[in-house]
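Trainee:
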Amino acid sequence: QNTINKIAAGEVVERPAAVVKELVENSIDAKANVITVEIKEGGISFIRITDNGTGIEKSEIPIAFKRHSTSKIRSVEDLITVSSLGFRGEALASIAAVSQIELVTKTNGSLTGSRYLIEGGEEKSLEEIGCPEGTTFLMRNLFYNTPARRKFLKSSMTEASYISDLVERMAVSHPNISFKFLNNNQLKLHTSGNGQMKEVIYHIYGREIASQLLPVFFEDGFLKISGFIGKPIISRGNRNYMNYFINGRYIKSSVINKAIEEAYKPYTMAHRYPFTCLLFEIESERIDVNVHPTKMEVRFTHQEELFRILYDVLSECLRQREL
Ligand code: ADP
Ligand code: MG
42 QNTINKIAAG
52 EVVERPAAVV
62 KELVENSIDA
72 KANVITVEIK
82 EGGISFIRIT
92 DNGTGIEKSE
102 IPIAFKRHST
112 SKIRSVEDLI
122 TVSSLGFRGE
132 ALASIAAVSQ
142 IELVTKTNGS
152 LTGSRYLIEG
162 GEEKSLEEIG
172 CPEGTTFLMR
182 NLFYNTPARR
192 KFLKSSMTEA
202 SYISDLVERM
212 AVSHPNISFK
222 FLNNNQLKLH
232 TSGNGQMKEV
242 IYHIYGREIA
252 SQLLPVFFED
262 GFLKISGFIG
272 KPIISRGNRN
282 YMNYFINGRY
292 IKSSVINKAI
302 EEAYKPYTMA
312 HRYPFTCLLF
322 EIESERIDVN
332 VHPTKMEVRF
342 THQEELFRIL
352 YDVLSECLRQ
362 REL
């Protein structure tokens, strides 16, 4: 069982940023609106995620760390209409298999909380403890028991930069959640959670970009698009600033890339890419998120329609700017 967990863990957890992603997604699924991410040494030796979400009942904790245990799917139908970020029930089991974890959690309204220790997939203790409502997840020493995998990690600085990018994307796509990010005890990002995406963009990308934005809003039938796109003047030489999120997930899609790039074509030189920060809400029946284990890529059932709508919405937005 332990060996299976260690092997399978590679799929979900290939680096510290993947741990942070899974834990923050869990906090979001738990309806937290304040999330703190703290890391040391690029997240290799220390990752702590604190949230004010629903918490986990003491009796549910060991179950949550079992592979393929999720509280988010109850039937086969749920598999297709799932709207929470996690649904495979793999993350906690995978992370616990290759690190040392301390979990402290309390559900809303319960008198005492719980403290749970698990190392290398082995439960160490579960006890009652006084603590605030919500969940704190402390992970230490990733891959301490799989040295071969540890060798594939990059420098602390590079791993930290992956995590920083990730937290920034989480923050900008969830402006209703207040995010704090600390790297080696230094506060790197703090968003208010007041719902204003533009404010988060300002915090992350700076004034130059925040002052060159065009708002986007579209809603019809199965699709809602909101957020901001940059004026062509702030285009750059790579796609790093072309961000979009589908039902809360940071996802790559060639159809969406193409629609964005085609819309900007009349205004930018070749090989220049715009700034975008767009939130897509698409009926989950029209998405298949099971394409890739880390859920980074999706398929759409109505590719052409999505392309056409996005292209039209962005083209119109860019045309308006010229008037
Ligand atoms: P999944 O998110 O796919 O359900 P995970 O392994 O990530 O699987 O988590 C297992 C379960 O642990 C979740 O279904 C949820 O019930 C519980 N859980 C994990 N993190 C939190 C959290 N921060 N707050 C509340 N519950 C959590
Ligand atoms: Mg999860």
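Numbering (the working numbering), first residue to last: 42 to 364.
Ideal Cβ positions, reconstructed from N, Cα and C, are used throughout, including at glycine.
Who are the near neighbours of R362 in its chain, counting only those whose CB is closer than 7 Å to its CB and skipping five residues on each side?
Mentor: Hits under 7 Å: L255 and K272.
Trainee: Excluding the 5 residues flanking L355 on each side, which residues of the same chain have their C-beta closer than 6 Å to its C-beta?
Mentor: A304
Trainee: If you draw a straight line from the alpha carbon of V117 to that of F263, how long is it in whole angstroms?
Mentor: Interpretation of V117 is limited by its pLDDT of 46, a score under 50 that renders its predicted location unreliable; the figure taken from the coordinates is listed afterwards. Cα to Cα, the separation comes out at about 22 Å.
Trainee: Tell me which same chain residues have a C-beta within less than 7 Å of the C-beta of T122, skipping the five on either side of it?
Mentor: Low per-residue confidence applies at T122: pLDDT is 49, beneath 50, and the placement is therefore not dependable, though the value from the model is reported in the following sentence. If we look at T122 and ignore the five residues flanking it on each side, its Cβ neighbours are S325 and E326.
Trainee: Check Q237 in the structure and name its three-state DSSP category.
Mentor: Coil.
Trainee: Going by C-alpha distance, which of K239, R181, G289 and E346 is nearest R56?
Mentor: When each option's Cα is compared against that of R56, the closest is R181.
Trainee: Tell me whether the beta-carbon of N224 lies closer than 8 Å to the beta-carbon of I80.
Mentor: yes
Trainee: Below 7 Å, is the gap between the Cβ of N225 and the nearest heavy atom of ligand 2?
Mentor: Between ligand 2 and N225, a heavy atom-to-CB distance of less than 7 Å is absent.
Trainee: Can you tell me whether DSSP reads S155 as helix, strand or coil?
Mentor: strand
Trainee: For the candidate residues A300, C172 and L347, whose alpha-carbon lies nearest to that of D261?
Mentor: L347
Trainee: Can you give the Cα-Cα distance for F286 and Y203, rounded to whole angstroms?
Mentor: If I take the Cα positions, the gap works out to 18 Å.
Trainee: With 16 as the cutoff for other CB atoms within 10 Å, does T146 come out buried or exposed?
Mentor: By the neighbour-count rule (16 or more Cβ atoms within 10 Å), T146 is buried.
Trainee: Tell me the residue span of the beta strand (DSSP E) that contains E163.
Mentor: E163 to I170
Trainee: Comparing C-alpha positions only, which one of Q344, L64, R290 and F87 sits nearest to G96?
Mentor: L64
Trainee: Work out the CA separation of E200 and R280 for me, nearest whole Å.
Mentor: 20 Å
Trainee: Out of Y291, K195 and V241, state which residue places its alpha-carbon closest to the alpha-carbon of G83.
Mentor: K195
Trainee: Along the chain, where does the beta strand (DSSP E) that runs through T199 open and close?
Mentor: Careful: T199 lies outside any beta strand (DSSP E), inside the alpha helix (DSSP H) at S197 to S214.
Trainee: Who are the Cβ neighbours of Y308 in its own chain at under 7 Å, not counting the five residues just before and after it?
Mentor: Closer than 7 Å at the Cβ level, and outside the excluded window around Y308, lie P273 and L359.
Trainee: Have a look at K239 and P188 and give me their C-alpha separation to the nearest angstrom.
Mentor: 43 Å
Trainee: Inspect the beta-carbon positions of I245 and V257 and report whether they are closer than 8 Å.
Mentor: no
Trainee: Helix, strand or coil: which one does DSSP assign to A59?
Mentor: helix
Trainee: Can you tell me where the alpha helix (DSSP H) holding V296 begins and where it ends?
Mentor: S295 to Y305
Trainee: Looking only at its chain, what residues have a beta carbon closer than 8 Å to the beta carbon of N288, apart from the 5 residues adjacent to it on each side?
Mentor: If the five residues before and after N288 are omitted, its C-beta is found closer than 8 Å to the C-beta atoms of S124, F321, E322, I323, S325 and I328, all from its own chain and listed in chain order.
Trainee: From E160 to V54, what does the alpha carbon distance come to, in whole angstroms?
Mentor: 15 Å
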